[in-house]
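Numbering (this note's numbering), first residue to last: 122 to 342.
Written out as structure tokens, the structure is:
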């Protein structure tokens with residue numbers, strides 16, 4: 122079949138490229154026995170080896186783009202190559218792409234700017250899993266199980282979670298209008314919420330005190 126022939130042709134080209142470079146690199150990196158190389162002289166050869174290896178990667182990606190039976194994303198190929206490099210290290214080395222950097226920073230810094238709710242798309246509806254205690258959404262009366270039907274007068278029907286988070290987040294001090302259908306309600310309630318810097322509590326107490334703060338004391342006497 123044409124597809125199988127194209128795939129075999131692509132593999133043959135990639136293998137040929139990989140077979141060529143190590144020989145060239147080994148030859149360039151082998152010093153003369155009678156004249157030991159200094160560190161300064163070895164570095165250009167090390168750089169040259171890197172350039173040759175990068176050339177193999179670039180040639181491989183070029184052959185994939187030109188000969189593979191389906192269209193592929195150049196960024197996805199490059200990120201897959203990066204993951205391959207890091208897989209040779211320890212289990213804790215990982216690559217965080219630009220699309221995941223925001224979530225990573227939130228996890229590390231334990232804070233983000235928004236209205237302070239955790240949401241998910243359930244049965245096609247943007248559903249509040251939990252308002253963060255003390256957050257703007259919490260103070261505005263948003264509860265777990267509520268459905269956000271509109272954000273800034275735009276329907277959330279068919280929305281994905283990334284788009285929902287993008288619309289709800291914003292600079293501290295700015296406002297966002299949401300329509301919230303409370304559990305058991307029939308008509309959505311329109312609420313305007315001011316965004317704030319939300320601190321995510323990593324340690325919670327046993328109960329909340331009269332100021333709605335976590336109470337860490339089991340015995341106050």
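All C-beta atoms in this analysis are idealised placements derived from N, C-alpha and C, irrespective of residue type, glycine included.
Let me know if residue i comes out buried or exposed under the rule of 16 or more other beta-carbons within 10 Å of its beta-carbon.
i           : result
residue 91  : Because the chain spans 122 through 342 in this model, residue 91 falls outside it and cannot be assessed.
residue 386 : This structure gives no information on residue 386, because the portion of the chain shown stretches from 122 to 342.
residue 357 : Summary: the structure shown does not reach residue 357, with the chain confined to residues 122 through 342, and so no result is reported for it.
residue 300 : buried
residue 179 : exposed
residue 206 : exposed
residue 426 : Outside the shown range of the chain, which is 122 to 342, sits residue 426, and nothing can be said about it.
Return the residue from the list the options that minimises the CA-CA distance to residue i.
i           : options            : result
residue 252 : 209, 239, 174      : 239
residue 283 : 264, 241, 300, 195 : 241
residue 290 : 268, 280, 234      : 234
residue 255 : 286, 214, 319      : 319
residue 212 : 180, 204, 171      : 204
residue 298 : 172, 169, 257, 214 : 257
residue 304 : 281, 269, 280      : 269
Is the distance from the Cβ of residue i to the Cβ of residue j below 9 Å?
i           : j           : result
residue 261 : residue 314 : yes
residue 272 : residue 288 : yes
residue 267 : residue 302 : yes
residue 277 : residue 265 : no
residue 280 : residue 263 : no
residue 186 : residue 195 : yes
Worksheet item: Which whole runs of the alpha helix (DSSP H) in the segment 229-305 are 4 residues long or more, in chain order?
Response: 257-260, 282-289
Worksheet entry | Touch test, the segment 240-248 against the segment 193-204, Cβ-Cβ under 8 Å, three pairs minimum | no
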